[in-house]
Ligand code: GLU
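In my numbering, the protein residues as written are 1 to 453.
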């Protein structure tokens, strides 16, 4: 184990932002790369803005992504590691003792009930592993309040005291903290301590270059499981927001990232968040996922969407039907969140028909051909090869393209104009279901046409 100690120090004020998740990830990667320790520290000193829901969102988001920590608080209030849990709200006595220390050394003083730090009036250089040396002119700086009138310590103090107390060796955080760092370095020095190394990671912008806010699409980590994204895909994408393997590959395993990740390679330029790319990456992971691994994910999503009843047993009598339907749909989609739309018609005959497609496909001619195909399907073996042969030879005999049959039959059995590969879909549905649905469509739409004439 190396002596590297890093931490993710979120303030629990709302949802877990994707930018915060990336900060957590880069800390975690650095700890795993170096064999160091990754600490979770909840910076919850602002009672007015902190909520238990926000703390829960941090735990849930990190757990979903698979970012585990070696020291710090667990969701149930216990600790991981032998020192935590690290909730700043539980560490007040430690901060008070440091304020006292600064007071007694004359580096802080009382002013109108508050405590102020005698900020050195000088130019401070922040040596940053990513940004290089950044200078801050603090010659005109006012003294910094470190404890308010009510005695409560401020962010700058608690942040520095904890980094010191926890033996943090590298502070990896968002670039928005870069200017704070000159204050933090001054506090470290006043406490007679060597500041840690700093690595400020560039911000995440929207694709158009504007600053990403919490209202933007994709900003909340909780959105991703809800929309059926895979954690591996989101993690892969987050790695690419500011870092990349030298060969510019975009699909990379976490194990490989851990091997290769290092701070100096983190990109100096702001990263742009590209939802389309994340969607594409998700598709790569989704298609690689085995059918059996997809089953529980699909079950959850389809039950939540009420496509499947809550008591549907994926290992019960419909076990094979469920898997066969999932298998042919899986090939066509990039995101598990698309499953309800693509699968609902497998489980009920009561689906609606796309109106535009009905107008275009269920013409008198279309319905006539559908009827003809229907009569042809009663006898022949009901498998992909034969179904395709039937359709093609029927079409050829009439001098038509197979589309003349394909579109009406697809619409009749699924209500949709696009979907899984048709012959596979018919085979999976089976003869009884297919004939029943064709009959239903024939009846309904022939009548509708008769009424319209
Ligand atoms: N609580 C601060 C934040 O969430 C911590 C910053 C840091 O990592 O030092 O922005």
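Backbone N, C-alpha and C define an ideal beta-carbon position, used for all residues, glycine too.
| query | result |
| --- | --- |
| Can you tell me the Cα-Cα spacing of residue 450 and residue 364, whole angstroms? | 10 Å |
| Report the residue ranges of all alpha helix (DSSP H) runs contained in full by the region 384-449; include only those spanning at least 4 residues, in chain order. | 384-397, 403-414, 422-429 |
| Classify residue 79 as helix, strand or coil using the three-state DSSP reduction. | strand |
| When you measure from the CB of residue 454 to every non-hydrogen atom of ligand 1, does any distance come out below 8 Å? | In this structure the chain extends from 1 to 453, so residue 454 is not present and cannot be described. |
| Residue 360 by DSSP, collapsed to three states: which one? | helix |
| May I ask you to report which of helix, strand or coil DSSP gives residue 68? | coil |
| I'd like to confirm the pairing. Which residues does DSSP put opposite residue 134 in its beta bridges? | 126 |
| Which partner residues of residue 173 appear in the DSSP bridge assignment? | 200 |
| Return the bridge partner residues of residue 22 from the DSSP annotation. | Residue 22 is not bridged to any residue. |
| Within 8 Å, do at least three Cβ pairs link the region 158-172 to the region 205-219? | no |
| Inspect the beta-carbon positions of residue 328 and residue 420 and report whether they are closer than 9 Å. | yes |
| Can you grab the Cα-Cα spacing for the pair residue 254 / residue 26, in whole Å? | 12 Å |
| Where DSSP assigns a beta bridge to residue 114, which residues make up the other side? | 111 |
| What's the call for residue 418, buried or exposed, on a 16-neighbour Cβ count within 10 Å? | exposed |
| Are there any heavy atoms of ligand 1 lying less than 8 Å away from the beta-carbon of residue 43, as far as the coordinates show? | yes |
| Return yes when the Cβ of residue 61 is within less than 9 Å of the Cβ of residue 73, no when it is not. | no |
| For residue 182, is the beta carbon positioned less than 8 Å from some heavy atom of ligand 1? | no |
| Can you tell me which residues form a DSSP beta bridge with residue 6? | 38 |
| Helix, strand or coil, according to DSSP, for residue 220 in the structure here? | strand |
| Please state whether the Cβ-Cβ distance between residue 199 and residue 15 is less than 9 Å. | no |
| State yes or no: is the C-beta of residue 159 nearer than 8 Å to some heavy atom of ligand 3? | With respect to small molecules bound, the structure shown includes ligand 1 and not ligand 3. |
| Compute the distance between the beta-carbons of residue 272 and residue 201, then report whether it is under 9 Å. | no |
| With a threshold of 7 Å on Cβ separation, who are the neighbours of residue 94 within its own chain once the five nearest residues in sequence on each side are excluded? | 161, 165 |
| Suppose contacts are defined by Cβ-Cβ distances below 9 Å. Is residue 267 in contact with residue 242 by that definition? | yes |
| Using the beta-carbon count (16 or more within 10 Å), is residue 275 buried or exposed? | exposed |
| Give the secondary structure of residue 87 by DSSP, where H, G and I count as helix, E and B as strand, and everything else as coil. | strand |
| Where does residue 195 fall in DSSP's three states? | coil |
| If we require 4 or more residues per run, which alpha helix (DSSP H) segments fall completely within the region 262-337? | 275-288, 291-304, 319-330 |
| I need the DSSP call for residue 168, collapsed to helix, strand or coil. | coil |
| By the three-class DSSP mapping on this structure, what secondary structure does residue 58 have? | helix |
| Roughly how far, in whole angstroms, is the beta-carbon of residue 42 from the beta-carbon of residue 86, given that I think they are within contact range, below 8 Å? | 7 Å |
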